[in-house]
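Here the structure is laid out as structure tokens; the discussion comes afterwards.
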Amino acid sequence: MVLTVALPIISPHMRTAVVQAVHALEGAPLPAGGKLVDVCVDLSDVVQHDCPAISYFRIAVRERAYVRTLSVKRGDEVATGAAIATLSTEAAEPLEGVPVRSARLTIAGILYQPEWWGGSPV
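Okay, structure coming up:
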């Protein structure tokens, strides 16, 4: 079964996110809970905040799958709803046709750690 992964809306005010890290590799299996990408969401121009307006999130899959294509790399600014990856439930499954559904995802807020991404945020 072919599955799509699109950038989810993490905040109602978010329009884009910047990819901080891509953890998955094309052709590699991902276990349930496997890390796909880390993103940075900057809401400083959208609304007033009492806390930092830049937040970091990890997007992980909630089901076992194989990464067939990756549409993003570190530093890319991605719009909500834009394709991030194509997954499949079988390693050599044909990718022709319409994907069956979106992959089940988990989104977790994470604290910025410079050593994770090699220095300052993008």
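No gaps in the numbering here: position 3 of the sequence shown is 3 in the working numbering, and each next residue is one more. In this text, a Cβ means the ideal position worked out from N, Cα and C, and glycines have one as well.
ask   = For the stretch 37–90, which segments carrying the beta strand (DSSP E) assignment without a break, of at least 3 residues, lie completely within its bounds, in sequence order?
value = 54–61, 65–70, 77–79 and 83–88, all fully within the stretch 37–90.
ask   = Can you tell me whether DSSP reads residue 12 as helix, strand or coil?
value = Here residue 12 refers to the residue found at position 12 of the sequence shown. Correct three-state label for residue 12: coil.
query = Whose C-beta lies closer than 7 Å to the C-beta of residue 71 among residues of the same chain, with five residues either side of it excluded?
reply = If you number the sequence shown from 1, residue 71 lands on position 71. Within the same chain, residue 71 has close Cβ partners 83, 84 and 85.
request  = Report, in whole angstroms, the separation of the C-beta atoms of residue 22 and residue 74, which I expect to be a contact under 8 Å.
outcome  = Locating residue 22 in the sequence shown gives position 22, counting from the first residue. Locating residue 74 in the sequence shown gives position 74, counting from the first residue. With a Cβ gap of about 6 Å, residue 22 and residue 74 count as contacting.
Residue 94 to residue 62 span [Cα, whole Å] = Position 94 of the sequence shown, counted from the first residue, corresponds to residue 94. Position 62 of the sequence shown, counted from the first residue, corresponds to residue 62. The straight-line gap from Cα to Cα measures roughly 22 Å.
Residue 99 (DSSP reduced to helix, strand or coil) = As a position in the sequence shown, residue 99 is number 99, starting the count at 1. The answer is coil: DSSP assigns residue 99 none of H, G, I, E or B.
message = On the CB-based measure, 16 or more other CB atoms within 10 Å of its CB, does residue 113 come out buried or exposed?
response = Numbered from its first residue, the sequence shown carries residue 113 at position 113. Classification of residue 113: exposed, given that the 10 Å Cβ count is below 16.
query = Do you know how far the Cα of residue 81 is from the Cα of residue 41?
reply = In the sequence shown, the residue the question calls residue 41 occupies position 41. In the sequence shown, the residue the question calls residue 81 occupies position 81. Distance from the CA of residue 41 to the CA of residue 81, rounded to the nearest whole angstrom, comes to 14 Å.
task = Can you have a look at residue 18 and say buried or exposed, based on whether 16 or more other CB atoms are within 10 angstroms of its CB?
result = Here residue 18 corresponds to residue number 18 of the sequence shown, with the count starting at 1. If you draw a 10 Å sphere on the C-beta of residue 18, you find 16 or more other C-beta atoms in it, and that means buried.
message = According to DSSP, residue 109 sits in a beta bridge with which residue or residues?
response = The residue given as residue 109 occupies position 109 in the sequence shown. For residue 109, which the question treats as bridged, DSSP gives the partners 57.
task = May I ask which residues mark the beginning and end of the beta strand (DSSP E) holding residue 28?
result = One-based indexing of the sequence shown puts residue 28 at position 28. Counting along the chain, residue 28 falls outside any beta strand (DSSP E), and DSSP gives it neither H nor E.
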